[in-house]
Every structure is written in structure tokens, then in C-alpha cells.
Amino acid sequence: MIAAKVQDAFSFRVSHIDRSSRFGLVFWALLLILLAAAPFWGDRQTMRLLGEIYSYIALASLWNLLAGYAGLVSIGQQVFVGLGGYVLYVGALAGGLPPLLCVPLGGLLCGVLAVPVVLVLFRLRGAYFTIGTWVLAEVFVQVFQQVKAVGGGSGISLPAVVVKSIAQSRDGREFLIYWLFLALVVAVIGLIVTILRTRYGLALTAIRDNEMAAKSNGIDVNRTRLIVFVAAAFANGMAGALIFLQKLSITPFSAFSINDWTMNVIFITVIGGIGRVEGPILGAVIFFVLREFLADYGSAYLIVLGVIAIVVMLKARRGLWGYVADRYGWQLFPLARRLERTRIVPDAAAAAATIEAH
Amino acid sequence: MSAILSLQSVSKSFGAVVVANDLDLTLGNGEALGMLGPNGAGKTSLFGIITGTLTPNAGKVLLDGRDITRLSSPQRCRLGIARSFQVPQPFGGMTVFENLVVAAAFAGGKRESEVYQIAATTLEECGLGDKANRLAGALTLLDRKRLELARALATRPRVLLLDEVAGGLSEGECEILVALIKNIRRTGISIIWIEHIVHALLAVVDRIVVLAGGAFIADDKPEAAIRHPRVAEIYMGISADE
Ligand SMILES: Nc1ncnc2c1ncn2[C@@H]1O[C@H](COP(=O)(O)OP(=O)(O)O)[C@@H](O)[C@H]1O
Ligand SMILES: [Mg+2]
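Shown next as C-alpha cells:
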């Protein structure tokens, strides 16, 4: 918080927090305590479901950062999810590394790979960029199918020795992986909120709202995008490693699945609220509630998802949370910078009058 | 008066529509230049060429004699060229205050906390002080226009390009705006102001150019420029031939 005096007329301070975000912070804190304690109140089934929700919130939050803020509509993020997964398997099997160490390694490799990818893809604009990301992802599926060292099309499984190295008992493993997923989602959202509160986040939010105006106000849009893309690839890689650590086996189709790691993620982000940090969280809750209740109905489930997506896109273009945020100015994270006048000095009126009179 | 900004032999067309045909223009340091011309003449496009959102087909843009034609628009902004858009382009999901913080921080290459002061002062100057925490997307048209001006000012520009900021304002609001722009002039900022409200221009500018058919058909002292036969034709619907 910064306090300063303006021309002796009034002093002010800038704060990020307001009533809705103060409520939000309490809400998140209580929720986090409740969820961290899930191993004590939930069964194995519940914890698995929660873990899956966390992984989707993380993936959707990252996609939201790319598409919702930086305007980079990628349908190829599954490349980094899959690659992170494969790094874990190769590292643990061929390299003999502890699986948990392979999680950040997966992120690192994806971050490094994202640099040349960016240099090629950023030559493409708009829809061409989107198509480019998809083509790239398809290339990865094809290549991994041919590589014998990672089992080709039939993939590989994590042997019992490696699995046991995570934790001896099955419950121990389940708990650990559950907490790792929770840590992942907290880290991803925490980092996004932190970034958005910095100068860099100011640039991202400006690009989200108006790219032309952002450029005209001195923001280097391409550089901002490059950083976001690399950072998202890094986090996607870590998420992928964790996801496939839990699944215990990996194939090119599961690793680079556009349905699982992109289409679902887009649905979650779009209905929840694109360009809002709260959006993917709300979207994931809706998505999983629908799935739990409608999964038995097969194709009817897909139709319902489609209808919901269409209705939301037509009626609330910025998703459900975007609608609320635009209408009521609510934020559950302390993001917006609020200018607060702390004290009006006696001659403020006179100073204001001078400005008018000029 | 030395030139701060100039266009040299600039040409630009969109297919068959020619907006600039071998145009030359010089803006003196500290000068306030008014620009008139019929709708669709290419006035806004010239601002695009100066700020780098549009690439000319030929010709150069110079700032302080330095060729900036190949610089990107963020680079030009950082060199001191600011623009208000004819159709307001706010950062709609950010507060009014944040809109100004963005402009001041990125144009000035400064840290956020260093520019809070500039942003808060500029808000007051432009009559937006009590709307600092509103979402920019929820402002009325008048306030959006004010925000355009405020955001451009917050970049602390050397050259300020104003595109029809007075359009749609009431008589009283227009007077306040004119007073504000006069104040801006006094700080030494060079201005090009595109405006159809001629009496507002006359109160501020040193010189007026009239753009039509890709060329400046008049370039003169304000009173002389508006007496140009084509200006009457354009603004009164009177043909000069009659
Ligand atoms: N990006 C563009 N693509 C194609 N035509 C354009 C573009 N921008 C402007 N024009 C055309 O160029 C002409 C000049 O537009 P503009 O510069 O906005 O004029 P003014 O500001 O003088 O009213 C108009 O006919 C407009 O339709
Ligand atoms: Mg125009």
C-alpha cells in the first residue's frame, strides 16, 4: 500500500482488497482447511474425485491465463501435459530417478521446449495460431507412437517397485497424491493471483481487455505473451507428470488427448468465466457436478454439456463469473487496485475549483 | 519553431480508398494543430500511421528528426506519442484508476507504485476523481471520452493526438474540455486535434489543416483555414463552384 499526497489537495492510498475479496479470502482459507483434511473425512472415491477436480482447475486456470488474458487460444496444451507425463515415466524407469523429483523435471522440460515452439507458433496470428497448436499436438501423438523405448502405441506402466517408492502403503500413496494435487492447484492459483497483482499482471489484464489500447499504451504484447506461454507450459508439464503418476500407466493417446486435456478444459473455462481467476474454479465445480449426475446417461450427458456451453456463450459471453464480476464488481481474490482517499485537507475544495476555473 | 513530429511523403490506401497521397505534415514543438476533413477522409488513419497501428504504403514518420516508421506502437508510445481513440477503447474490466496506472507505468517504463501519483492527479484533472474505482466498461460515453484523454495524458506524452474528444458533449462539457486542453498546451505538450466542432478548435489551436481526398487542401492560420471554400462545402454542404 502506497500513501502519497496529491498537490496538497488530498492524500490517498492504493489497496488491492475490498469487501468482496476480504470475504473471498476468508472463504478460500476455510475451504482450503476443509479440503486439506479430506483424508480424515473422505473415502478413497471422494479423494480421487477431488484430486481430479484439482487437476482440472489447475489446467483450466492455465488455459485461462493463455486464452483469457493473453489472447492465446491454444488447443494444443495437451502436448505439455503428455510430455510431463512421459518425463516422469522415462525418468523413473530409464533414469532411476525418484518419481516425485520427475514432476518438476517434467515442468522444466516443457518450459524449455516451449521456447522454440513459441518462436514458430508466434509467427501465426489468431485462428492460425490455434490451428498451429493443434497440428503440433498431433505430431507428438504420431511421434510417440513410433518410439519403441516408451512402448510405442501401447505405452508403458509404472512398475510396482517404483510405485512403492512413493509410499509403502496404498493409503499413504493415495493421501500423498491427493495432497500433491491440492498443492498443485493452490500453487497455480496462488502464482496467477500473485502475477496479476504485479506490473506484469497489469499488462496481462490490459491485453485481456483491449489489445490495441494495450499496444498504444506502451505494452510489449508479444513479450508478455511469450512469458505467459513458457510459464504455462512449465506448469502444464508438472500437472501432467502428477496426473500420470496417479494413473500408473501412459499411452500416446491418453497423454496427448485433446478431449481430456483441452476440450474439457475449454468447457470449464468458458462456462465458469474466461478472463477471471474465479472462472475456472466455478466452471470445474459445474463440470464435475454434471458429470457425476449425468455420466450414466451417455450421449445425453454430452448433449447437456453442449447446450450449457452454447447458452452460456450466448447469454453471458464472459462466462458465469464474468457476468457476476461485470455486474456487481465482485472479486474473490484481491486483484483490482482501488484508490482510496484517506483525508481531504481543508483547501481541497479550493484546489478543485481552480482546476474547474482554468 | 523546430519540428517535433513530421510526416514525409506518406501514402496510404485501403484498396481503392486513398486516405493519404504523398502527404507532408510538420508539427512544431509546442504547437497545437487542428485537423478538419469530411468523414472518411483518413484523419483517424493518419493517427494510426503516426502511432504505428497502421503501416503506410510509402513515406516516413519522424520524431525529433529521427525515423520511427519501423518502430512498433508500444515503442512509439514510450518515445512520447499518445493517442485518444475516436471510438473509446478502455480497458473495460479494469477500474478507471487502473486504466491510468497501465498507461503511466508502461509508457514511462516505471514501477507501479511510482505512477500512482500521476494516475491519481490526472484523474482529478480530467474530472474523473470520483469514479476512480468504477469499472471502465461501465462508464457513460462522456466519461469514456474523458478516460481516453486522461489515459493519454497519464503517459506523460510529448505529442498528444486527440481524435474527436468533444463529439457528443454538451456546450458546458465542451467548455470544460477546451479549458483542460488549453491547460495541457501550457505544459508544452504538442497537440494534433481532430475535431468537427470548429469553435472548440478555434479556441485552442495555432493552425488548422484540412484533409480531403488524400491531401491537405488547406494549411493555414485557423481563421483563414476555415474560410477556405472547401471547408464551407464540407461543413455547410455548400458547393464551392456555385
Ligand atoms: N483498417 C481498415 N481497412 C480498410 N479500410 C479502412 C480501414 N481503416 C479505415 N478504412 C477506410 O479508410 C477511410 C478513412 O477512414 P478514417 O481514417 O477513419 O477517416 P476519418 O477519421 O477521417 O473519418 C474510410 O473510408 C474507412 O472506411
Ligand atoms: Mg475518424
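Each protein sequence line maps, in turn, to chains A and B.
Oh and the first sequence: position 198 is 198 in my numbering, straight run, nothing missing.
Counting from 1 along the second sequence, just add 358 to a position and that's the residue number in my numbering.
Note that beta-carbon positions come from the ideal geometry of N, C-alpha and C, so glycine has one too.
Q: Return the residue from the list Ile177(A), Ile195(A), Val324(A), Thr130(A) that minimises the CA-CA distance to Arg44(A).
A: Ile177(A)
Q: Work out the CA separation of Gln475(B) and Asp8(A) for me, nearest whole Å.
A: In this prediction, Asp8(A) has a pLDDT of 48, which is less than 50 and means its spatial position is unreliable; nothing more can be read from the coordinates.
Q) Can you list, in chain order, the residues of its chain whose CB lies under 6 Å from that of Arg492(B), leaving out five sequence neighbours each side? A) Val454
Q: Check the Cβ-Cβ distances between Ser216(A) and every residue of chain B, and say whether any is below 8 Å.
A: Cβ-Cβ to chain B under 8 Å: yes for Ser216(A).
Q.
Going by DSSP, what residue range makes up the beta strand (DSSP E) through Arg492(B)?
A. Neither: Arg492(B) is in no beta strand (DSSP E) and is coded neither H nor E.
(Q) Closer than 7 Å to a non-hydrogen atom of ligand 1 - does that hold for the CB of Ala570(B)? (A) Annotation for Ala570(B) indicates a beta carbon at 7 Å or more from all heavy atoms of ligand 1.
Q. When you compare each of Ala214(A), Leu245(A), Ala127(A) to Ile156(A) by their alpha carbons, which one comes out closest?
A. Leu245(A)
Q | Identity of the residues DSSP links to Thr453(B) by a beta bridge | A | Leu493(B)
Q: For Gly160(A), count neighbouring Cβ atoms within 10 angstroms of its own Cβ and tell me buried if that reaches 16, exposed if not.
A: The sequence as given places Ala at residue 160(A); Gly does not occur at that position. Exposed is the call here.
Q. Are there 16 or more other CB atoms within 10 angstroms of the CB of Phe234(A), so buried, or fewer, so exposed?
A. buried
Q.
Short of 7 Å in beta carbon distance, which residues of its chain neighbour Arg436(B), apart from the five on each side in sequence? Order them along the chain.
A. Ala465, Gly467
Q) Around the Cβ of Asp488(B), are there at least 16 other Cβ atoms within 10 angstroms (buried) or fewer (exposed)? A) exposed
Q.
What residue range does the alpha helix (DSSP H) around Gln331(A) cover?
A. Note, Gln331(A): premise wrong, no alpha helix (DSSP H); not H, not E.
Q. Residue range of the beta strand (DSSP E) that Phe574(B) falls in?
A. First-last of the beta strand (DSSP E) with Phe574(B): 573-578.
(Q) Under 9 Å, CB to CB, which of the residues in the segment 295-310 of chain A have a partner in chain B? (A) none
**Q.** Contact list for Val14(A) against chain B, beta-carbon separation under 7 Å
**A.** Residues of chain B passing the Cβ test: Tyr474.
**Q.** Rounded separation between Trp402(A) and Ala232(A) - CA only
**A.** Past the boundaries of the shown model lies residue 402(A); chain A is included only from 1 to 358, so the question cannot be answered.
Q: Could you tell me if Glu482(B) is buried or exposed, where buried requires 16 or more neighbouring beta carbons within 10 angstroms of its beta carbon?
A: buried
Q. Does DSSP classify Gly386(B) as helix, strand or coil?
A. Strand.
Q) Since Asp209(A) is in the alpha helix (DSSP H), which residue starts that stretch and which ends it? A) 199-209
**Q.** Distance, Lys503(B) Cα to Met393(B) Cα
**A.** 18 Å
Q) Who are the neighbours of Leu493(B) on chain A, taking C-beta pairs under 8 Å? A) Asp326, Gly329
Q.
For ligand 1, I want to know if Ser15(A) counts as a neighbour, meaning its beta carbon is within less than 7 Å of at least one of the ligand's heavy atoms.
A. no
Q | Per DSSP, cross-strand counterpart(s) of Gln353(B) | A | The displayed coordinates of chain B run from 359 to 600. Any statement about residue 353(B) would go beyond what the structure contains.
Q) Is any heavy atom of ligand 1 found at a distance shorter than 7 Å from the C-beta of Gly400(B)? A) yes
Q | Length of the line joining the Cα atoms of Ile592(B) and Pro396(B) | A | 6 Å
Q: Give the DSSP-derived three-state secondary structure of Gly272(A) in the structure shown.
A: helix
**Q.** Proximity test, Cβ basis, 8 Å: Ile371(A) and chain B
**A.** Any answer about residue 371(A) is impossible in this case: the structure gives chain A only from 1 up to 358.
Q) Hey, does Met313(A) have any beta-carbon neighbour from chain B nearer than 8 Å? A) no
Q: Give the straight-line distance between the Cα atoms of Leu71(A) and Ala114(A), rounded to the nearest whole angstrom.
A: First, the amino acid is wrong: residue 71(A) is Gly here, not Leu. C-alpha separation (whole angstroms): 17 Å.
**Q.** Three-state class that DSSP yields for Phe256(A) in the structure shown
**A.** coil
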